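Engineer: Residue numbers (my numbering), protein chains in the order written: chain A, 1 to 306; chain B, 1 to 306. All C-beta atoms, glycine included, are put in the ideal place defined by N, C-alpha and C. Note that the structure is a prediction, hence the values are computed from the model and not measured. The structure's right below; bear with me while I get my questions together.
2 protein chains.
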Amino acid sequence: MSNLVVVGSVAFDAIETPFGKTDKIIGGAGTYIALSASNFNVNTKLISVVGGDFPEEYLVLLKSKNINIDGIQVLADKKTFFWSGKYHDNMNKRDTLITELNVLADFDPIIPDSYQDCDYLMLGNLSPEVQQLVLERITNKPKLIVLDTMNFWMNISHEALLKVISMVDVLTVNDEEARQLSGEYSLVTAAKRILKMGPKYLIIKKGEHGALLFSNTEMFYAPALPMAQVYDPTGAGDTFAGGFIGYIAEKDNTDFNTLKNAMIAASALASFCVEKFGTEQLNRITPKLFESRIQQFINLSTFNYL
Amino acid sequence: MSNLVVVGSVAFDAIETPFGKTDKIIGGAGTYIALSASNFNVNTKLISVVGGDFPEEYLVLLKSKNINIDGIQVLADKKTFFWSGKYHDNMNKRDTLITELNVLADFDPIIPDSYQDCDYLMLGNLSPEVQQLVLERITNKPKLIVLDTMNFWMNISHEALLKVISMVDVLTVNDEEARQLSGEYSLVTAAKRILKMGPKYLIIKKGEHGALLFSNTEMFYAPALPMAQVYDPTGAGDTFAGGFIGYIAEKDNTDFNTLKNAMIAASALASFCVEKFGTEQLNRITPKLFESRIQQFINLSTFNYL
């Protein structure tokens, strides 16, 4: 079984959408990525940091999903990262209400020895400096490194971000971020430019409009599942990333056909994520539900042109 | 060979985009639909009206594509419908600068006897009253009737529109129009409501984000081809409609698998349309180019999930 190392925040989120609001619940990119990847036969090992205020039950939840949490530092005298956001209208816009970095402010990622046999590495959205530290501290060379980032880092850590982008195999961003990073409006042209920055593959996430996978010679489109109701989009992009790398790690194959299927698996898992608040629906996915959701994607997009 | 009857405007357009502007060129829903359908082995018969100012060469162009123009009335003492529009930014917004209805103001569609053997009927975007007149004046029952409309008619002819919608098999609208017509934001819920209005199938066009086909029990998504450059989106929706009905008429089959392939053919033809101003690129499509574009769609969206 492949070893998948994930770095990302494990945090408190408080979310408000037109359908309701939550108290502080478990959130963070690392949480969503690891929970999503836990749907595959891989050894998922999480690197993160939380404060003394982080409930033991949340750590137990991660462990119960066979996620190795040896790499989660618990800083007893500090507080866990906290994000609060409010979604408007039709979920297309959100305001960040609160961002308390707390333990993330000077996160020094420690890689347990048991994580060094890393086959696949997922660098979840964090400062590019921390992402690079993780890359450097993992001594063997992973078969595939995926990096997720966001516009925030493009604005405040552009150079550091370009450096870490140059060191990975796959970059995932959303459409606006691809445009910002490349300075190009057309996603096709944006992809060409970004692939020149180093990665072999680029994934552009378009939310309800699906996601595109680009290599220098190929292009694949994975649809999003049209849904009657989206309750909470929080974590959907991280869930997508976790599904993508989880599928690849399970198949232990990095050819383009495997990456295409990984896009479908990723989209299917993201479609679960938005059905309830926070991680609620991710915790309910069974192999049977997952398989049936994949079949919905196959039905949605398969044709046999004559 | 199936007989396809198309009704729609044959008009002058003057278009401005960030890439340039045109003088008065040939345009109109009927033109785009018929040119698009002419890529299939069908007898395409166009019903429309133009003024005495309409250049003979444009009619010759349509005839050269094997489009029957016996149903185009030429009103010598009147002027052709004229539309002028300007696209902004990234083609997502356009302003209508001029709309001169002219001959369309009191268009009384005449159906030549040679059009009565209609197998497939495409009601292009026009007032719902005129669309209904055409429906009534074609005496045999077509195997499939497709109706295209737009928000304009939802605003000023809501009742007449609902009536004609109840009489057709397939309705095509864009995402905003589907929301307006149904009063629902989710396209899945919107589709459910609209299918209750009469049509067996609904197509929701999402421009650069592809198009969805709904029946009461099935859903299919056709991607749009990501493009390095979109020169002029004018007519893309009509080209889509013409490709959709053209493919179905050629196959002479209305099962869901045929409709799915028709969505791909429609998307491929629409992708040509936007590559140049007006109908320029549509006039250059060869069977070989068309086949190769279809292959791009297959490559873009085919996966074999394991």
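(1) Output needed in chain order: residues of the region 255 to 266 of chain B with a Cβ under 9 angstroms from some Cβ in chain A.
(2) I want to know whether the region 216 to 231 of chain B touches the region 270 to 290 of chain B - three or more CB-CB distances under 8 angstroms.
(3) Mind listing which residues of the region 85 to 112 of chain A have their C-beta closer than 9 angstroms to chain B's C-betas, in chain order?
(4) Does any CB atom of chain B fall closer than 7 angstroms to the CB of Tyr32(A)?
(5) Using a Cβ-Cβ cut-off of 6 angstroms (strictly less than) and excluding sequence neighbours within five positions of Lys260(B), which residues of its own chain qualify?
(6) For the beta strand (DSSP E) containing Asp13(A), list its first residue and its last residue.
(7) Once you ignore the five residues that flank Thr172(B) on each side, which residues in its own chain have a CB closer than 6 angstroms to its CB?
(8) Please go through the region 100 to 161 of chain A and give each complete alpha helix (DSSP H) segment of 4 or more residues, from N-terminal end onward.
(9) Taking 7 angstroms as the CB-CB cut-off, is Ser186(A) touching chain B?
(10) Have a look at Leu225(A) and Asp113(B) and give me their C-alpha separation to the nearest angstrom.
(11) Around the Cβ of Ser292(B), are there at least 16 other Cβ atoms within 10 angstroms (buried) or fewer (exposed)?
(12) Excluding five sequence neighbours on each side, which residues of the same chain lie with their C-beta closer than 7 angstroms to the C-beta of Arg193(A)?
(13) Buried or exposed: which applies to Phe19(A), given that a residue is buried once 16 or more other Cβ atoms fall within 10 Å of its Cβ?
(14) Could you check whether Val42(B) and Ala190(B) sit closer than 7 angstroms to each other, using their CB atoms as the reference points?
(15) Is the Cβ of Pro199(A) closer than 7 angstroms to any Cβ of chain B?
(16) Quick one: is Tyr246(B) buried, meaning 16 or more other Cβ sit within 10 Å of its Cβ, or exposed?
(17) For Met219(A), go through chain B and note every residue whose CB falls closer than 7 angstroms to its CB, in chain order.
(18) For a cutoff of 7 angstroms on Cβ pairs, would you count Thr189(A) as touching chain B?
(19) Does Lys192(B) come out as helix, strand or coil in the three-state DSSP assignment?
(20) Please list, in chain order, the chain A residues whose beta carbon lies closer than 9 angstroms to that of Asn304(B).
(21) Mind checking the region 116 to 149 of chain B against chain A and listing, in chain order, the residues whose C-beta falls within less than 7 angstroms of any C-beta there?
(22) Can you check which of these residues, Leu62(B), Thr22(B) and Met227(B), is closest to Gly30(B) by C-alpha distance?
(23) Just to make sure I have the definition right: I need the residues of chain B whose C-beta is within less than 8 angstroms of the C-beta of Ala212(A). Which are they?
(24) For Ala270(A), which residues from the same chain have a beta carbon less than 6 angstroms from its beta carbon, with the 5 sequence-adjacent residues on both sides left out?
(25) Against chain A, does His209(B) count as a neighbour if the rule is that its beta carbon must be under 7 angstroms from one of theirs?
(26) For Gln229(A), which residues in chain B fall below 7 angstroms Cβ to Cβ?
(27) Please list the partners that Pro55(A) has in chain B, where partner means a Cβ-to-Cβ separation under 7 angstroms.
(28) Looking at chain A, is there any beta carbon in it that lies within less than 7 angstroms of the beta carbon of Pro18(B)?
(29) Quick check on the burial criterion: 16 or more other C-beta atoms within 10 angstroms. Buried or exposed for Glu176(B)?
(30) Sort out for me which residues DSSP pairs Asn304(A) with in a bridge.
(31) Taking the C-alpha atoms as reference points, what is the distance between Asp77(B) and Ile25(B)?
(32) Going by the CB atoms, is the gap between Tyr87(B) and Leu4(B) shorter than 7 angstroms?
(33) Do Phe256(B) and Ile264(A) have their CB atoms nearer than 7 angstroms?
(34) Checking the sheet assignment: what are the DSSP bridge partners for Ser84(B)?
(35) With DSSP run on the structure shown, which of helix, strand or coil describes Asp89(B)?
(36) Suppose you measure from the CA of Asp13(B) to the CA of Leu101(B); what does that come to, to the nearest Å?
Structural biologist: In short, the structure shows the following:
(1) Asn257, Thr258, Lys260, Asn261, Met263, Ile264 and Ala265
(2) yes
(3) Asp89 and Asn90
(4) Residue numbering aside, residue 32(A) sits at position 32 when the first sequence is read from its first letter. Not an interface residue.
(5) The count along the second sequence starts at 1 and reaches residue 260(B) at position 260. So the qualifying residues of the chain are Phe220.
(6) The residue labelled residue 13(A) in the question sits at position 13 within the first sequence. Segment Ala11 to Thr17, the beta strand (DSSP E) holding Asp13(A).
(7) Along the second sequence, read from residue 1 onward, the residue named residue 172(B) stands at position 172. If we look at Thr172(B) and ignore the five residues flanking it on each side, its Cβ neighbours are Asp148, Ile203 and Ala241.
(8) 128 to 137 and 151 to 156
(9) Walking along the first sequence from the start, residue 186(A) turns up at place 186. It does; some Cβ of chain B falls within 7 angstroms.
(10) As a first step, residue 225(A) must be located in the first sequence, where it is residue number 225. As a first step, residue 113(B) must be located in the second sequence, where it is residue number 113. Rounded to whole angstroms, Leu225(A) to Asp113(B) spans 46 angstroms at the Cα level.
(11) For the purposes of this step, residue 292(B) is identified with residue 292 of the second sequence, where counting begins at 1. Flag for Ser292(B) reads exposed.
(12) Against the first sequence, residue 193(A) aligns to sequence position 193. Excluding sequence neighbours, Arg193(A) sits near Ser182 and Glu184.
(13) Position 19 of the first sequence holds residue 19(A). Result: exposed.
(14) Within the second sequence, numbered from 1, the residue matching residue 190(B) stands at position 190. Within the second sequence, numbered from 1, the residue matching residue 42(B) stands at position 42. No, the Cβ-Cβ distance between Ala190(B) and Val42(B) is not below 7 angstroms.
(15) By one-based count along the first sequence, residue 199(A) stands at place 199. No, Pro199(A) does not count as interfacial toward chain B.
(16) On the second sequence, position 246 is the one that residue 246(B) refers to. The question names Tyr, but residue 246(B) in the sequence shown is Gly. It counts as buried.
(17) Taking the first residue of the first sequence as position 1, residue 219(A) is located at position 219. What Met219(A) touches in chain B: Pro226 and Leu300.
(18) The residue you call residue 189(A) lines up with position 189 of the first sequence. Output row for Thr189(A): interface = yes.
(19) Within the second sequence, numbered from 1, the residue matching residue 192(B) stands at position 192. Helix, per DSSP.
(20) Counted from its first residue, the second sequence places residue 304(B) at position 304. Those within 9 angstroms of Asn304(B) in chain A are Asn257, Lys260 and Asn261.
(21) none
(22) Translated into the one-based positions of the second sequence, residue 30(B) becomes position 30. Measuring from the Cα of Gly30(B), the nearest candidate turns out to be Leu62(B).
(23) The count along the first sequence starts at 1 and reaches residue 212(A) at position 212. It is worth fixing the name first, because residue 212(A) is Leu in this sequence and not Ala. Residues of chain B passing the Cβ test: Pro226.
(24) Locating residue 270(A) in the first sequence gives position 270, where the first residue counts as 1. The residues are Ala236, Thr239 and Phe240.
(25) Here residue 209(B) refers to the residue found at position 209 when the second sequence is read from its first residue. True, the Cβ-Cβ gap to chain A drops below 7 angstroms.
(26) To locate residue 229(A), count along the first sequence from 1; it is residue 229. Simply Ser186.
(27) Here residue 55(A) refers to the residue found at position 55 of the first sequence. In chain order: nothing, as chain B lies at least about 35 angstroms away.
(28) Stepping through the second sequence from its first residue, residue 18(B) is reached at position 18. Answer no: the Cβ-Cβ gap between Pro18(B) and chain A never drops below 7 angstroms.
(29) In the second sequence, the residue the question calls residue 176(B) occupies position 176. Exposed, since its Cβ has fewer than 16 Cβ neighbours within 10 Å.
(30) Taking the first sequence and counting its residues from 1, the one referred to as residue 304(A) is at position 304. DSSP lists no partner for Asn304(A).
(31) To locate residue 77(B), count along the second sequence from 1; it is residue 77. To locate residue 25(B), count along the second sequence from 1; it is residue 25. The straight-line gap from Cα to Cα measures roughly 20 angstroms.
(32) By one-based count along the second sequence, residue 4(B) stands at place 4. By one-based count along the second sequence, residue 87(B) stands at place 87. No; because the gap between Cβ atoms is not below 7 angstroms, this pair is not in contact.
(33) What you label residue 256(B) is simply residue 256 of the second sequence in a count that begins at 1. What you label residue 264(A) is simply residue 264 of the first sequence in a count that begins at 1. No, these two residues do not count as a Cβ contact at 7 angstroms.
(34) One-based indexing of the second sequence puts residue 84(B) at position 84. DSSP output for Ser84(B) lists Ala14(B) and Ile98(B) as bridge partner(s).
(35) Working through the second sequence from its first residue, we reach residue 89(B) at position 89. DSSP places Asp89(B) in coil when its eight states are reduced to three.
(36) Locating residue 13(B) in the second sequence gives position 13, counting from the first residue. Locating residue 101(B) in the second sequence gives position 101, counting from the first residue. Rounded to whole angstroms, Asp13(B) to Leu101(B) spans 12 angstroms at the Cα level.
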